[in-house]
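Undergrad: Residue numbers (mature numbering (1 follows the signal peptide of the UniProt record, and there is no 0)): -28 to -1, 1 to 319.
Every residue gets a Cβ at the ideal spot worked out from N, C-alpha and C, and that includes glycine.
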Amino acid sequence: MRRKRIPPLAATVLTVAALIAAGSPALAEPGRGGDGPGRGDRACDAAAPGALGGDLGAHDPGLYAPCEEGEPWYVFATGWGPLGDGNITIRTSLDGGATWTYVDTVWDVKPAWLTEAVPGVDNLWAPEIVEDDGRFLLYYSASTFGSQRSVIGLATNTTLDPTDPDYGWVDRGPVWESEQGDPYNAIDPTVLQAGGRHYLAYGSWWSGIYMLELDWPAGTVAEGAVPVHVAGRGGAGVEAPALVKHGRYYYLFTSWDRCCAGADSTYSIRVGRSTSPTGPFTDRDGVALTEGGGTLVLGAHGDYVATGGQSIHNGLMAYHSYHEDGHFDLGIEAIEWSRGWPVLDGA
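1. Less than 8 Å between the CB atoms is what I'm expecting for P213 and G258, so what's the real figure, rounded?
2. Check whether the Cβ atoms of E100 and S283 sit closer than 8 Å, and answer yes or no.
3. Does W313 come out as helix, strand or coil in the three-state DSSP assignment?
4. If you measure between the beta carbons of T77 and G56, is that distance less than 8 Å?
5. For V181, tell me which candidate among K217, D138, G168 and W228 has the shortest Cα-Cα distance.
6. So, is P54 buried or exposed, given that buried needs 16 or more other C-beta atoms within 10 angstroms?
7. Going by DSSP, what residues sit across from Y112 in a beta bridge?
8. Identify whether G140 lies in helix, strand or coil by the three-state DSSP scheme.
9. Can you give me the C-alpha to C-alpha distance between W313 and R256, rounded to a whole angstrom?
10. Once you ignore the five residues that flank P(-22) on each side, which residues in its own chain have a CB closer than 6 Å to its CB?
11. Name the DSSP bridge partner or partners of E211?
12. Give the DSSP-derived three-state secondary structure of W72 in the structure shown.
13. When the Cβ atoms of the stretch 76 to 91 are set against those of the stretch 113 to 126, are three or more pairs found closer than 8 Å?
14. Does DSSP put E185 in a helix, a strand or coil?
15. Which of helix, strand or coil does DSSP assign to E41?
16. Count the other CB atoms, across all protein chains shown, that sit within 10 Å of the CB of T250; report buried if there are 16 or more and exposed otherwise.
17. Drop a sphere of 10 angstroms on the beta-carbon of Y36, count the other beta-carbons inside from all chains shown, and report buried for 16 or more, exposed for fewer.
18. Can you grab the Cα-Cα spacing for the pair N95 / A114, in whole Å?
19. Would you mind sorting E308 into buried or exposed? The rule is 16 or more other CB atoms within 10 Å of its CB.
20. By Cβ distance, which residues of its chain are closer than 6 Å to E296, with the 5 residues on each side in sequence left out?
21. Would A(-7) be called buried (16 or more neighbouring beta carbons within 10 Å of its own) or exposed?
22. So what does K217 bridge to, in DSSP terms?
23. Determine the closest residue to H273 out of G266, Y294 and D138, with distance taken between C-alpha atoms.
24. How far does the alpha helix (DSSP H) with A203 in it reach, from first residue to last?
25. To test your reading of the DSSP string, which unbroken beta strand (DSSP E) runs of 3 or more residues are found completely within the stretch 251 to 317?
26. For L110, count neighbouring Cβ atoms within 10 angstroms of its own Cβ and tell me buried if that reaches 16, exposed if not.
27. Among the residues of its own chain, which have a CB less than 8 Å from the CB of V315, if the five just before and after it don't count?
28. Give the range of the alpha helix (DSSP H) segment to which W85 is assigned.
29. Please go through the same chain and pick out, in chain order, the residues whose beta-carbon is closer than 7 Å to the beta-carbon of A197, but skip the five residues on each side of it.
30. Take the Cβ of L66 as the centre, count every other Cβ of all protein chains shown within 10 Å, and call the residue buried at 16 or more, exposed below.
31. Identify whether G25 lies in helix, strand or coil by the three-state DSSP scheme.
32. In whole angstroms, what separates the C-alpha of C231 from that of P137?
33. Do you know offhand how far residue 326's Cα is from W141's?
34. Taking DSSP as the reference, what is the three-state secondary structure of A98?
35. Using 10 angstroms around the beta-carbon of Y239, count the other beta-carbons present and answer buried if the total reaches 16, otherwise exposed.
36. According to DSSP, is A49 part of a helix, a strand, or is it coil?
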């Protein structure tokens, strides 16, 4: 994946938080069905777009890359203050992910419950878009930088096409939240389908990444679900989970270290794998992800000093990379596999 330098719509570096992580008993392991990239069974391996152009200012991109040739692609991304009250931004591509155009924000004004639940909330962060049986579920984060008072919210739609008369995002309220003193931070949601069950992974800094079972198709947390700790670095930076199944393994990708510091960012994408969707996950050297393990997949490359905020759909990974001049760009590339481990090259 190669990128042309095109000034992003928001030239300001976005601030995306580092927050909570929890721990508790293990979930019962489901059956080993499905080859799910987080949004349900993978329908295809979509073709990588190659060089990217257009509006690439998408931070923490949530990718929707359909299989059908000629269908529009979408990227949902962290909001930026002046646009739609800081709501999640939407970009689309009509040429298979090569050229991107800013479309709109999910809402013009945040739902009232969000500003009440998270005082001082500005931008909404790190969306995940999930397609399920003719509807779309959008998970997102509401927080403030460095705070554990955070909420994962949910909105739904029957189409992603803003020209469709049925288009409209319906607020479904909060899904999960965290408070000061919790072991986790309720941001950076991602969804995995495995064996007919669905799981929400989330977390940032604090104790790291956690997973919960979801009540499907409602998309809310299952009654009695208990967070399971799946990755942590003893308080060091780990966030932005993304999950995919390849062969007999489930792979958990995370972003390490410093995200949102322009040219001083040190973000990198790391990975571990497990034969169970809920872990335990270990890296290539056999180190548990809960003990600081994580094999490097992509960090600094070319003129970019840091890479992270990843999401996965139909065999592709989207991420943002910070350039050495401080701006960030969207990147999309196919996940290659070598001896059971994922490979990205940033090109």
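TA: On the basis of the data shown:
1. By 1-based counting over the sequence shown, the position of residue 213 is 241. By 1-based counting over the sequence shown, the position of residue 258 is 286. Actually they do not touch by this definition, with Cβ atoms about 20 Å apart.
2. Translated into positions along the sequence shown, residue 100 becomes position 128. Translated into positions along the sequence shown, residue 283 becomes position 311. Yes, the Cβ-Cβ distance between E100 and S283 is below 8 Å.
3. Taking the sequence shown and counting its residues from 1, one reaches residue 313 at position 341. In this structure, W313 counts as strand in the three-state DSSP scheme.
4. Here residue 77 refers to the residue found at position 105 of the sequence shown. Here residue 56 refers to the residue found at position 84 of the sequence shown. Contact: yes.
5. Taking the sequence shown and counting its residues from 1, one reaches residue 181 at position 209. Note that residue 181 is Ile in the sequence shown, not Val. Here the closest residue by C-alpha is W228.
6. What you label residue 54 is simply residue 82 of the sequence shown in a count that begins at 1. Exposed.
7. On the sequence shown, residue 112 is found 140 positions in, with the first residue counted as 1. Bridge partners of Y112: G125.
8. Numbered from 1 along the sequence shown, position 168 holds the residue referred to as residue 140. Here G140 sits in coil by DSSP.
9. On the sequence shown, residue 313 is found 341 positions in, with the first residue counted as 1. On the sequence shown, residue 256 is found 284 positions in, with the first residue counted as 1. Approximately 8 Å between the Cα atoms of the pair.
10. Locating residue -22 in the sequence shown gives position 7, where the first residue counts as 1. Caution is warranted here: a pLDDT of 35 is assigned to P(-22), below 50, making its placement in the model unreliable, and no coordinate value can be reported.
11. Stepping through the sequence shown from its first residue, residue 211 is reached at position 239. Answer is S176 and S227.
12. Along the sequence shown, one-based indexing puts residue 72 at 100. W72 falls in the strand class under three-state DSSP.
13. yes
14. Within the sequence shown, residue 185 is the residue found at index 213, counting from 1. It is a strand residue.
15. Numbered from its first residue, the sequence shown carries residue 41 at position 69. Coil.
16. Along the sequence shown, one-based indexing puts residue 250 at 278. Classification for T250: buried.
17. In the sequence shown, the residue the question calls residue 36 occupies position 64. Buried is the call here.
18. Within the sequence shown, residue 95 is the residue found at index 123, counting from 1. Within the sequence shown, residue 114 is the residue found at index 142, counting from 1. So the alpha carbons of these two residues sit roughly 7 Å apart.
19. If you number the sequence shown from 1, residue 308 lands on position 336. Counting Cβ neighbours within 10 Å, E308 comes out exposed, since fewer than 16 surround it.
20. For the purposes of this step, residue 296 is taken as residue 324 along the sequence shown, with counting starting at 1. A235, D275 and V277, listed in sequence order.
21. Here residue -7 corresponds to residue number 22 of the sequence shown, with the count starting at 1. The predicted position of A(-7) is uncertain, since its pLDDT is 32 and thus under 50; a value taken from the coordinates is nonetheless stated next. So A(-7) counts as buried.
22. Here residue 217 is taken as the residue at index 245 of the sequence shown, counted from 1. For K217, which the question treats as bridged, DSSP gives the partners Y222.
23. Walking along the sequence shown from the start, residue 273 turns up at place 301. Residue Y294 is the option with its Cα nearest to H273.
24. As a position in the sequence shown, residue 203 is number 231, starting the count at 1. Taken as a continuous stretch (DSSP letters only), A203 belongs to no alpha helix (DSSP H), being part of the beta strand (DSSP E) at V200 to A203.
25. 267 to 270, 276 to 285, 288 to 295, 300 to 306, 308 to 310 and 313 to 315
26. Here residue 110 refers to the residue found at position 138 when the sequence shown is read from its first residue. Buried.
27. Here residue 315 refers to the residue found at position 343 when the sequence shown is read from its first residue. Only V269, I307, E308 and W309 meet the Cβ criterion.
28. To locate residue 85, count along the sequence shown from 1; it is residue 113. A84 to A89 is the extent of the alpha helix (DSSP H) around W85.
29. Here residue 197 is taken as the residue at index 225 of the sequence shown, counted from 1. The residues are L184 and E185.
30. Start at 1 with the first residue of the sequence shown, and residue 66 comes out as number 94. Under this definition L66 is an exposed residue.
31. By one-based count along the sequence shown, residue 25 stands at place 53. In this structure, G25 counts as strand in the three-state DSSP scheme.
32. For this step, residue 231 is matched to residue 259 along the sequence shown. For this step, residue 137 is matched to residue 165 along the sequence shown. Between C231 and P137, the C-alpha separation is close to 38 Å.
33. Not covered by the structure: residue 326. The range shown for the chain is -28 to 319.
34. Sequence index remark: in the sequence shown, residue 98 carries index 126 (1-based). If DSSP states are grouped into helix, strand and coil, A98 belongs with the strands.
35. If you number the sequence shown from 1, residue 239 lands on position 267. So Y239 ends up on the buried side.
36. Translated into positions along the sequence shown, residue 49 becomes position 77. Strand.
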